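Okay, structure first, notes after.
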Amino acid sequence: MKVYTKTGDTGTTALFGGTRVPKHHIRIESYGTVDELNSHIGLIRDQDMNPLYKNVLAEIQDRLFTVGAILATPPEKEILKNGQPRLNINRISEEDIVFLENEIDLMETALPPMTHFVLPGGHTTVSYCHIARCVCRRAERLAVHLHELEPTDEQVIKYLNRLSDYLFVLARKLSQDLHADEVKWIPRK
């Protein structure tokens, strides 16, 4: 199998199920941004940090492949002619969302309460977390837009929302672990 197929040379691509759409279609933007997010999370995971965080990030990357597959499947193509689901994978579940919430709660027990806004920065790894958080928020916005146009799995939107929270708290926890100063935003008067 060759990497290049030349089928996209005219600016279209195929979704799961074979439907061809322009490469700028909201569905492509949605799962493409999830792919971008997955790459940023891989960059975070490549940093020197507690192996427990690396394991959580690997689990998140796995779930993001699922999110991408769901977003790449138009509703009318979700069920095959034989009545079986096109995607023979575990969907995003409430347990996946609770997993992120539990990880957030665990990190927050070791963090001081938030008393100020935090500016991204302080350490390269922390900055990578903030970049991933921003990309995650964009993926969420695109998934919401897609959902308004064509219904999609609402668990995907919940997962992306919770994931951005996780990435924010991970940035704070890594600031603490790496003895980096959390940069506080103080409004000008």
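Heads up, the sequence shown is in my numbering, so the first residue is 1 and it goes up one at a time. Even for Gly, the Cβ is constructed at its ideal location relative to N, Cα and C. Since the structure is predicted, the reported quantities are computational estimates derived from the model, not experimental observations.
**Prompt:** Rounded to a whole number of angstroms, what is the C-alpha to C-alpha distance between residue 20 and residue 73?
**Reply:** Here residue 20 refers to the residue found at position 20 of the sequence shown. Here residue 73 refers to the residue found at position 73 of the sequence shown. Cα-Cα distance, rounded: 11 Å.
**Asked** residue 185 CB to nearest chain D CB: under 8 Å?
**Response** Here chain D cannot be found, since the structure has a single protein chain.
**Prompt:** How close, in whole Å, do the beta carbons of residue 37 and residue 27 come, if the pair is a contact with beta carbons under 8 Å?
**Reply:** For the purposes of this step, residue 37 is taken as the residue at position 37 of the sequence shown. For the purposes of this step, residue 27 is taken as the residue at position 27 of the sequence shown. Actually they do not touch by this definition, with Cβ atoms about 16 Å apart.
**Prompt:** Which residues mark the beginning and the end of the alpha helix (DSSP H) in which residue 141 is found?
**Reply:** Along the sequence shown, one-based indexing puts residue 141 at 141. 124-149 is the span of the alpha helix (DSSP H), which, as asked, contains residue 141.
**Message:** Applying the 10 Å Cβ sphere with the 16-neighbour rule, what's the burial state of residue 93?
**Reply:** Here residue 93 corresponds to residue number 93 of the sequence shown, with the count starting at 1. With fewer than 16 other Cβ atoms within 10 Å, it is exposed.
**Asked** Taking buried to mean at least 16 other C-beta atoms within 10 Å of its own C-beta, is residue 119 buried or exposed?
**Response** Looking up residue 119 in the sequence shown gives position 119. Exposed.
**Message:** Tell me which residues share the same chain as residue 22 and place their Cβ nearer than 7 Å to its Cβ, disregarding the 5 neighbours each side in the sequence.
**Reply:** If you number the sequence shown from 1, residue 22 lands on position 22. 11, 12, listed in sequence order.
**Item:** As assigned by DSSP and simplified to three states, the class of residue 178
**Value:** The count along the sequence shown starts at 1 and reaches residue 178 at position 178. Coil, per DSSP.
**Prompt:** Quick one: Cα of residue 157 to Cα of residue 163, how far?
**Reply:** Within the sequence shown, numbered from 1, the residue matching residue 157 stands at position 157. Within the sequence shown, numbered from 1, the residue matching residue 163 stands at position 163. When rounded, the distance between both Cα atoms is 10 Å.
**Asked** What is the DSSP secondary structure of residue 188, counted as helix, strand or coil?
**Response** Stepping through the sequence shown from its first residue, residue 188 is reached at position 188. In this structure, residue 188 counts as coil in the three-state DSSP scheme.
**Local Cβ density within 10 Å of residue 76, reported as buried at 16 or more and exposed below that** = Within the sequence shown, numbered from 1, the residue matching residue 76 stands at position 76. Label assigned to residue 76: exposed.
**Item:** Start-to-end residues for the beta strand (DSSP E) that takes in residue 119
**Value:** What you label residue 119 is simply residue 119 of the sequence shown in a count that begins at 1. Looking at the DSSP string, the run of the beta strand (DSSP E) that includes residue 119 is 117-119.
**Asked** Which residue from 96, 124, 81 puts its Cα closest to that of residue 63?
**Response** For the purposes of this step, residue 63 is taken as the residue at position 63 of the sequence shown. Here the closest residue by C-alpha is 96.
**Asked** residue 104 and residue 166 look like a contact to me (Cβ under 8 Å); what is the Cβ gap, rounded to whole Å?
**Response** As a position in the sequence shown, residue 104 is number 104, starting the count at 1. As a position in the sequence shown, residue 166 is number 166, starting the count at 1. With a Cβ gap of about 5 Å, residue 104 and residue 166 count as contacting.
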